[in-house]
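First the structure, in the form of structure tokens, and then the observations on it.
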Ligand SMILES: Nc1ncnc2c1ncn2[C@@H]1O[C@H](COP(=O)(O)OP(=O)(O)OP(=O)(O)O)[C@@H](O)[C@H]1O
Ligand SMILES: Nc1ncnc2c1ncn2[C@@H]1O[C@H](COP(=O)(O)OP(=O)(O)OP(=O)(O)O)[C@@H](O)[C@H]1O
Ligand SMILES: [Mg+2]
Ligand SMILES: [Mg+2]
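Chains as they are written, first to last, in the numbering used here: chain P, 15 to 258; chain G, 4 to 318; chain V, 1246 to 1488; chain E, 2 to 377; chain X, 138 to 424.
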């Protein structure tokens, strides 16, 4: 079976700093892959390299066996790569509904969609992530966590094959985190592969099929969650004593 | 409500179209000027209002349109229509060739790069013999102001219908997404480069047509007046005055500002520019979201609208 | 209601505050007291109005009611005056000066401080606390990773030498080690006499560090009391800890 | 009864400083003629009235204002704006409505080459501007050999340069530099450095007043002193001497008009009296713009009196035949509607304007060659 | 060879003046995010202030610069405090509009007050020059150059290394956060705009000593200032020196080798190229 994503020896530098250093891994179809690591380890950079908003200094990303080298972000989106932004990027002047409708119009599922139909899909998506009450609000009137959910809804509306989530649970309380976990599981059950970055260990532990740890841009562990979380290096670099 | 608005627009259109039958020559001339400015404001609205790129290079399109007509008619003795087509071709070529690199710039940098383009065009054209260098071109005169008037009005209607279509179409939705957050739009599948370039070109088509009509009407063009930066400033001001990113805002803004300016320069002739400046300053302070927003909300809030505006926008 | 001895004067006294956005009310008669040198946790679900309350206290938002700190009436003040009175906020969404270096961001925290030597000392302390920031003094704040930015925001708040520090979503985006370390810092500064009002989604974490807590629900305070007591409150457990 | 003359001139905007000459000259001439009893048309006497608009130095606006003057204000005749590009656009209005326009603000050949019937101009043709200067240069001692010709890239100055080149060749002078510069240029350092390094004897500049002021000041600061320099505009105006002070000395210029008592005039007596009346009323000295503007009014009045009617078409025919002496000189239009006036070479000597060479030859001795700047 | 050296010197000195003209614009734009279309008009006003100090009070135009700057600072402070502060939070374009209106009003009032005549500030030494072998250094330009460089460097030190300068930058980037950290923005905005206008006024005083002024010189100066700020980049006040020198030298060389009418093609063409290759200017930090 071709993996949904294959990351091959990817490196990215920022003026003297190596943010991602020779990282390789696979994301299998219908897999939920958790990515953790200390702050500044290169997790977000990794997502940007996959979604095409940053270009790798070296290395390659393959989507369903096909190299994405040089492909602009919008084409990757249409192929089926959806992402959220850790530092949220809503369309501030548009309504919450229209924010999501953009995804339905232009994403993997879009292409020839009509505006009215896209809005309909968007509404459904918003209900799904629990923002149903806010459809008519302007996006910049949402509080922080509301925007996180909006990010998720926008990405989902694109009907992606691979979903890249960058800290969509940050700022939610435990009850709400459980809701989002349920949402992501349901998404996976529709056949989507998911990559989740999260610092909420409890969530990542229960959600991930597999866990990958980055440190100083390098992959330091990759495997089944309980094992990885028990790894001494991971504990020292990342978890600390408290290990929730 | 909605039918009422449509009826109002249609009625206004009928009155406007009938002006040559009852208006004086001065009114018709004023009309041609004001309508062409409205076309420019509406053209700018596509790239500036909907796509969020503050173009200062639209006067380049206007100038290319003028020179398209000028060169075709004065140098090659071709008919007006061919000149217009030539001008549009020049404008679209320019939009595509220069749009792609320049539209990579954001915000102020884009504004200034396009401003510089207008300067470069003046400088280049003043050295091109075919375009009459800095001396300019004199076109064969056609004394038919009603025709020019109806042409301008038709162009304005076309431009406005295009903008109306934008607001209902996938393309327009993509442009708005680019305006609101370009990187966000890109990762959601909007081909931002293509969309921006198309918006720039579309905006250029209308501006160049306006320039072409104007050139034939005044029968004389030179680089300074064809690529006049202050014309670009004017279109922005008119669009912003009316309400950028709305369908009728730029039109209303252009027509009303033209009317104010014309009234001032014929009634209090030597104080005109002073008053015009004061009107602009006062308008920005009192209604920073444009006429369209004021008309929409004034009914509800009344005079409080202005005080409210100052309160929400001041430091 | 208060767990502190009644002899102690409150540092911050918030009485019947109501506020909202453009006509839509969010806070309804919120009353809350903070005593000197304690950590108070404010918890509640999304959209409860915690951020709104902090904004109101910093006078970013207009409101009705009464806010008194250290016997200064904060109601007629602007946010810069509130800051001058010693009430400092680490805002939601970090609000860094994106196109300025990390160091400049930290120094902006000390904008009103005149004792240069003390500022330099505090700067060193911050760099010791956050070695990552020390490595990146010259990097533009906006180009840092989410967690690094959060560290920068915390450090900036601490640089202001606050009397009362309000932190909105402190743990947001931070690796567990760092969160743990920061909780230690809060206890330290509390012991140095700085008062902390902490808004936190991780209820467990917040209440296990804090002295007292308030629980907010749709714009009103619904529970309050010593932190330990709140953790054990079955209703709180059900609503926030998913137990 | 009134005869209304309409005009739109630059009272504000970048060229307002020249526009005012026309406003004031029109007003003065109209007042003077009314004082003298007005205009006799057949058996009736008419008073002149003036309707002026400010075009804010905007060509489009000026076109609309001229249209307004003829169609709404129903003025009888038109006077011109300042500058060739305005005259070029505005003459289309007079042609369209068949109302005669007499203008003294545009000299570009394009205005008259369109075969319009209703436009008349009282400025000398651009191509003749440097004629008398070259004539004078032939008699200078030591004779200048190399010449630099610098000109702005607008219609008028390009025409001047085109007319000058053959004249220089004919006089046996070598053209060491022939440079077109952008209108409104402010920096002449590169050109001046070239003049210095090529050791050019004489510099001829066709441009605008502000460019010429910059040119002289920068010449001084770079210590560039050719044997002579001459300018198409600026030198005759009072502004020029005021702005440059002592540095204005030795500059050659030209004017088609000087306030001389030899120029007799039916209303003002002579040009000198015109100049003093002008100065008394407006508190600055008139130059050829003003004289030309006053002559425009007189030409119209003459034509109306000759035609014996205020019918525009008849007055137009009368205009094409007028031939009279005015404070500005002899006014007789050729078939294009232009008059031909020779330029008098002038020079600033000790802060005063001195006429050097006119139609009839030498008037005064030129100060030549110009000394170095630090040797003055 | 001498000619080339001379032209390079001319260009460098011109560039210093250019830098001075652009400095205030770059400050107000880069820091306050106000695109000041009235910048040239303020340069013009500053020139008149200098002119009046010189002709009526006989104050040397260079020694009078501090007075000019003070007067212009006061004007700028009041304009920001009384007018521009009213729209700081309105959409960005409004600053464009309001300063456009302001430019119209200022120009009109200037014509009313000063007439449209060209004036010069002409101290006795204005045309003097220092001769160094084959090359000539015009004195007034040299002085102007010195003032420009000194002020630009001063501005750079001020913005990057003082508390007030840091606060000014911070406020521009994030108004809410700056307030939360104790900045009183109304005053600070006004001070910043005042400084910008004082710099514009100083540029005007210098401009008047080397060129002509009339009420209408503003628009062209605004356009030039834009080009310079962008070539240099807005992030760093030293950028305007780079931009100014670059433009000055380029224009002089173009006039020499290609022809004076191509100076604008060259300068604005290079501007576009710079933007395409380095969108944040020569000295700007990459985003
Ligand atoms: N700028 C705004 N304009 C309009 N409504 C707003 C704005 N900011 C917040 N709100 C609304 O006010 C309510 C309270 O929001 P607030 O951000 O204070 O909640 P919170 O308790 O901080 O929640 P969170 O956990 O989401 O941060 C929410 O319903 C939110 O939608
Ligand atoms: N544009 C940039 N310029 C310079 N350095 C950058 C840039 N973007 C990211 N970095 C640096 O690269 C490193 C990796 O950043 P990244 O955002 O990928 O971290 P992260 O693992 O997502 O961290 P966090 O958990 O805090 O979100 C960080 O040290 C960051 O400062
Ligand atoms: Mg991250
Ligand atoms: Mg909040």
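Here a beta-carbon is modelled for each residue, glycine too, at the ideal position from N, C-alpha and C.
Closest in C-alpha terms to residue 1387 of chain V, from the list V:1397, V:1380 and V:1296, comes V:1397. Put simply, of P:23, P:25, P:118 and P:101 the residue whose alpha carbon is nearest the alpha carbon of residue 1341 of chain V is P:101. Between residue 1461 of chain V and residue 1302 of chain V, the CB-CB gap reaches or exceeds 9 angstroms. Contact between residue 95 of chain P and residue 77 of chain P holds: CB atoms are separated by about 7 angstroms, below the 8 angstroms threshold. Contact between the region 191-209 of chain E and the region 406-415 of chain X is absent, with fewer than three C-beta pairs closer than 8 angstroms. Chain-order list of chain X residues neighbouring residue 288 of chain E: empty, with the shortest C-beta distance near 13 angstroms, by a criterion of under 7 angstroms. Closest by C-alpha distance to residue 1360 of chain V, out of V:1274, V:1406, V:1271 and V:1370, is V:1406. Inter-residue distance for residue 233 of chain X and residue 174 of chain X is about 6 angstroms (C-alpha atoms, whole angstroms). Between residue 46 of chain G and residue 210 of chain G, the beta carbon gap of about 4 angstroms places them in contact (Cβ cut-off 8 angstroms). Contact of residue 348 of chain X with chain E is assigned, a C-beta pair being separated by under 9 angstroms. Shown here, residue 35 of chain P sits in a strand according to DSSP, grouped into three states. Between ligand 1 and residue 209 of chain G, a heavy atom-to-CB distance of less than 8 angstroms is absent. Of E:302, E:15, E:311 and E:71, the smallest CA-CA separation from residue 32 of chain E is found for E:302. Look at residue 311 of chain X: its C-beta is under 9 angstroms from a C-beta on chain V. With the rule of 3 Cβ pairs closer than 8 angstroms, the region 99-110 of chain G does not count as touching the region 250-260 of chain G. For residue 189 of chain P, the C-beta contacts it makes with chain V under 9 angstroms involve 1290, 1483, 1484, 1485, 1486 and 1487, in order along the chain. Spatial neighbours of residue 211 of chain X in its own chain (CB-CB distance under 8 angstroms, excluding positions within 5 residues in sequence) are listed in chain order as 331. Of all C-beta pairs linking the region 56-63 of chain G to the region 111-126 of chain G, three or more are shorter than 8 angstroms, placing the two stretches in contact. Closest option to residue 248 of chain X, judged by alpha-carbon separation, among X:372, X:355 and X:387: X:355.
For residue 182 of chain E, the enclosing beta strand (DSSP E) has its first and last residue at 175-182. Residue 61 of chain P and residue 20 of chain G have their alpha carbons spaced roughly 57 angstroms apart. Contact annotation for residue 320 of chain X against chain V: 1325 and 1356 [CB-CB distance below 8 angstroms, chain order].
Shortest gap from the CB of residue 1418 of chain V to any heavy atom of ligand 3: under 8 angstroms. Annotated as distal: residue 98 of chain G and residue 257 of chain G, with beta-carbon spacing of 9 angstroms or more. According to DSSP, residue pairing for residue 291 of chain G in a beta bridge does not occur. Inter-segment contact for the region 1374-1387 of chain V and the region 1408-1418 of chain V is absent: fewer than three beta-carbon pairs are separated by less than 8 angstroms.
Residues of the region 339-364 of chain X with a C-beta atom less than 8 angstroms from some C-beta of chain E are 347, 348, 349, 351, 353 and 357, listed in chain order. In this structure, ligand 2 has a non-hydrogen atom nearer than 8 angstroms to the beta-carbon of residue 55 of chain P.
Exclusion of residue 1343 of chain V from the 8 angstroms shell around ligand 3 follows from its C-beta lying no nearer than that to any non-hydrogen atom of the ligand.
Per the coordinates, the alpha-carbon of residue 244 of chain X lies some 6 angstroms from the alpha-carbon of residue 352 of chain X. The beta carbon of residue 28 of chain P sits closer than 9 angstroms to some beta carbon of chain V. Per DSSP, residue 25 of chain P is one residue of the beta strand (DSSP E) stretching across 19-28. Within chain E, the C-beta atoms nearer than 8 angstroms to that of residue 398 of chain X come from 154, 181, 182 and 183, in chain order.
Taking 9 angstroms as the cut-off between beta carbons, the residues of the region 34-53 of chain P near chain V are 50, 51, 52 and 53, in sequence order. 300: these are the residues of the region 276-302 of chain X whose beta carbon lies less than 8 angstroms from some beta carbon of chain V, given in chain order.
Look at residue 227 of chain X here: in three-state DSSP terms it is coil, with no helix or strand label.
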